[in-house]
Each structure stands twice: as C-alpha cells, then as structure tokens.
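Undergrad: For the sequence shown, our numbering gives the first residue as 33, with consecutive numbering after it.
First, the structure itself, so that you have it in front of you.
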Amino acid sequence: MHVNGTHYRTVWPGEEPGVIRIIDQRKLPFAFEIEDLRSVDEVASAIRDMHVRGAGCIGATAGYGMYLAAMEASVADDFEAVLRRRAEQLIATRPTAVNLRWAVDRQLAAMAEVEWPGEKLDVAEATARAIADEDAAACRAIGEHGLELIRKLHEAKPDGEPIHILTHCNAGWLAFVDHGSATAPIYAAHAAGIPVHVWVDETRPRNQGARLTAWELGQEGVPHTVVADNVGGHLMQRGLVDLVITGTDRTTWTGDVANKIGTYLKALAARDNEVPFYVALPSSTFDWEIEDGVAGIPIEERGGEEVSHLAGLHESGEETEVRLVPEGSRTANYAFDVTPARLVSGLITERGICKAHRDSIAVMFPECVASR
Ligand code: MRU
C-alpha cells in the first residue's frame, strides 16, 4: 500500500542485519511512525502490546522474530534450547490469531531440516522473507477473487449505483503484509473503476475500524463512512448494505470463523436481512485441528482499561485518554467471537471462493486436510 505516495509493507527487514522494521499501529491515524525491533523481546512486546496486529501481520512479524531468535541461538551454547524458549515466548503473546503459531511452527520445521547453526540462520532468514512474500501474494489473489464477487453484485444494480460494503475491525493492509484480506477485493474493485462505498464499523474497544480501516481507505481514496458498532443491523434493514466482508483471526477446517468481537452479531443481522456475508482469509489462517470453533478456539481476554477508557486526539494536537465508565464499575474485554459456519455465505481465499463448509474447504485445500 502507498502512504503519502511511498509503497510500504507493514513489516520488513532493515538494512542492518538483526533489525526488523514495523509500522507502529498504535500511533495511527494521528502519526505514521516506523519502529525498529532488535531482539525477540522487542518483537514479543510489539505483538503483545499491539504495535503490530491483525492475523497476517502478526504471523509475518513472528516469522522475522524467529529469525532474530536464530541469530541469538547461533551464538549460544545450546541452539535448540534457545530456539524453543523463544518460540514459546512468541506463541504466548496473543492466543487467537493462528497465523502466529503457524509462522513459528513453520520456522521450527524449516530449521529442523538442516544441521548447523549457520545453515539454520540462513534458513530462518529465507523463511521469514518467504512468509512475508507469500502473505502479500495471497492477499493480492484474495483481491482478484473477491473482485469478481463485487463485479457480479455491481452488474445486478442500477447503472452508476455504488456497491455498499460493510466491514468490521481492520482486516486491511495493516493487518497483513500488504493489500489486506477483507480490503483486498475493495481495493481491487476501486482500482477496476467499480464504484464502492464502505461502511466502517468503529470496532470498540480499540477502534481498529475508526482509526485504522478509515485511515487506510482514505489513503487509497476509497469512499467510506465510519459508523458506531451497532448501526449495521439498521443499515441492512434499510437495504443500505449489499455485502459484508470481514477478515478472520482463525477459521476452523469446518468453516467456523473467529474474528473481532461483534462480528457474530453482524453475521446474524446479515442472515436476517439476506445480505451476503463473506469472510476473506489466506490459508495460513485456517486451523486444521479444531473442529468446533465455538468450543475450541481460544478467545483472548484483554485488559478492562480498553473498555473503561477511550483514546483520541485532543484539540491541543496531543493524543489523550479519557475514562468513560464510573469508577468502581467492572469491565470485561473479550477480544474475539466465533461466527458459526452456517452464517457465512462464503470464504474468499487465495485459491478462490468456497463455501464455509468442511467439504468445500477440503476440495479447495486437499493437501492441508490430508496432512491433519
Ligand atoms: O486484535 P486485533 O486488532 O489483532 O484483531 C485482529 C483483527 O484485526 C480482526 O479481528 C480482523 O478482522 C481479522 S485479522 C485479519
């Protein structure tokens, strides 16, 4: 994606060996700041404290984190012990997005193929780059497949009418290495000259929609409107939403979708109003082990201050935080929910669009199902 005319990925290796560069997403949309990460501890905090966030971006950052772990291990007495400890540290940072574990496991498997620390280090660097490149390529392909879906809906509308797409949270460029998952079809449609307008859910408590998705869409010149989280049902009843596209942090091989808290309610409203509800994901976001998403996907619970407080830009130009709830009121902060497969119209993947059903997913990704 372009920011002020320059193309950026969300995570990339610095020129100096052992430096990983990220965009500090906590500062957006008020400041665009690049941060250098120089150790596994710094990578782990960046993931845990949400300097980087979103399934693909977390995965790619963890992939580079494992490269830093290999650098550390290559000068330690026991390479394998350091590597294992660092892998566990990274996996523990955030529980729901499966790309994190997937990237760490992929690094461990790749390094296990070679014998010497020097070789392992080379493999870790190449694998980190491959994870990032594949993520960007998968999101680009998701955009192409999703474009056809939007094109069909547009052809069925009166001439010149825009397609209204509702999205929840940020499954955009920032949440991946490039392009995004839910936003990739939107960017592709916009580039193809199809008029699109995006309803952006603000996405309390951390406001990834209001702060990040709205900023991204603005950078790309895509018309959009930010709405409070509870507006979607009303819009759908009034015929103001043609399509919902969300991302996902983990999708089971049976099609259950974990995504940012509030997604399930949007899926229920979409079903009640016969609005197509699609979920966009690269195959790295599938969980090939868990069958029942509601019972099996771990749901991250975050600090209550994200609910009790709100951050924003003060007219002084400083970012500031204010309290919303009375002192003494308890808060609960469930970060994700699970939308059962039966409410999902389809999954937009890098290989094409399939039903959110075990059989269709197995046809699309036979080798993954076979290796379960
Ligand atoms: O807590 P976050 O911001 O890391 O949550 C992840 C998300 O951005 C969303 O759930 C997103 O829709 C799916 S991740 C591509």
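Every residue, glycine too, gets a C-beta built ideally from N, C-alpha and C.
(1) Using DSSP's beta-bridge definition, name the partner residues of residue 171.
(2) Along the chain, where does the beta strand (DSSP E) that runs through residue 45 open and close?
(3) Whose CA, out of 192, 186, 41 and 242, lies closest to the CA of residue 200?
(4) I'd like to know whether the C-beta of residue 57 is nearer than 8 Å to at least one C-beta of chain B.
(5) Identify whether residue 288 lies in helix, strand or coil by the three-state DSSP scheme.
(6) Straight-line CA distance for residue 312 to residue 197?
(7) Am I right that residue 296 and residue 369 are in contact with their C-beta atoms under 8 Å? What's the rounded C-beta distance?
(8) Who are the Cβ neighbours of residue 60 in its own chain at under 8 Å, not counting the five residues just before and after it?
(9) Let me check understanding here. Comparing Cα to Cα, which of 149, 74, 400 and 230 lies closest to residue 218?
(10) With three or more beta-carbon pairs closer than 8 Å as the criterion, would you say the stretch 326-345 touches the stretch 151-164?
(11) Starting from the C-beta of residue 338, find all residues in its chain whose C-beta is less than 7 Å away, skip the five residues before and the five after it, and write them out in chain order.
(12) Have a look at 49, 111, 363 and 93 and flag the residue whose alpha-carbon is nearest the alpha-carbon of residue 334.
(13) Taking all protein chains shown into account, do 16 or more other C-beta atoms lie within 10 angstroms of the C-beta of residue 150, making it buried, or fewer, making it exposed?
(14) By the three-class DSSP mapping on this structure, what secondary structure does residue 253 have?
(15) State buried or exposed for residue 38, treating a residue as buried only when at least 16 other CB atoms are found within 10 Å of its CB.
(16) With three or more C-beta pairs closer than 8 Å as the rule, is the stretch 82-95 touching the stretch 45-60?
(17) Can we count residue 171 as close to the ligand MRU, meaning its CB is less than 7 Å from some heavy atom?
(18) Under three-state DSSP, which class holds residue 84?
(19) Taking buried to mean at least 16 other C-beta atoms within 10 Å of its own C-beta, is residue 138 buried or exposed?
(20) Between residue 129 and the ligand MRU, is the CB less than 7 Å from at least one heavy atom?
(21) If distances are taken between C-alpha atoms only, which option among 221, 129, 181 and 146 comes closest to residue 289?
(22) Near residue 372, what residues of its chain come up, given a Cβ to Cβ distance below 6 Å and the 5 sequence neighbours on each side ignored?
(23) For the ligand MRU, is there a heavy atom less than 7 Å away from the beta-carbon of residue 269?
(24) Would you mind sorting residue 240 into buried or exposed? The rule is 16 or more other CB atoms within 10 Å of its CB.
(25) Would the beta-carbon of residue 59 be found less than 7 Å away from any heavy atom of the ligand MRU?
(26) Would you give the residue range spanned by the alpha helix (DSSP H) that residue 399 belongs to?
(27) Which whole-angstrom value is the C-beta distance of residue 276 and residue 254, which I expect to be below 8 Å?
(28) Assign residue 109 to buried or exposed, taking buried as 16 or more other Cβ atoms, counted over all protein chains shown, within 10 Å of its Cβ.
(29) Exposed or buried, residue 210, counting other C-beta atoms within 10 Å across all chains shown (16 or more means buried)?
(30) Considering only heavy atoms of the ligand MRU, does any lie closer than 7 Å to the CB of residue 390?
TA: Let's see:
(1) Answer is none; residue 171 lacks a bridge partner.
(2) 43-45
(3) 242
(4) No chain B is present in this structure, which holds just one protein chain.
(5) coil
(6) Going by the C-alpha atoms only, they are around 13 Å apart.
(7) 4 Å
(8) Cβ neighbours of residue 60 within its own chain (closer than 8 Å, five residues either side excluded): 206, 243, 244 and 247.
(9) Distance from the Cα of residue 218 is smallest, within the candidate group 149, 74, 400 and 230, for 230.
(10) no
(11) 237, 238 and 365
(12) When each option's Cα is compared against that of residue 334, the closest is 363.
(13) exposed
(14) coil
(15) exposed
(16) yes
(17) no
(18) coil
(19) buried
(20) yes
(21) Residue 129 is the option with its Cα nearest to residue 289.
(22) Here the set comprises 288.
(23) Between the ligand MRU and residue 269, a heavy atom-to-CB distance of less than 7 Å is absent.
(24) Its Cβ being crowded by 16 or more others within 10 Å, residue 240 is buried.
(25) In this structure, residue 59 has its beta carbon at no less than 7 Å from each heavy atom of the ligand MRU.
(26) 398-402
(27) Incorrect: roughly 16 Å between the Cβ atoms, too far for contact.
(28) By the 10 Å Cβ count, residue 109 comes out exposed.
(29) buried
(30) no
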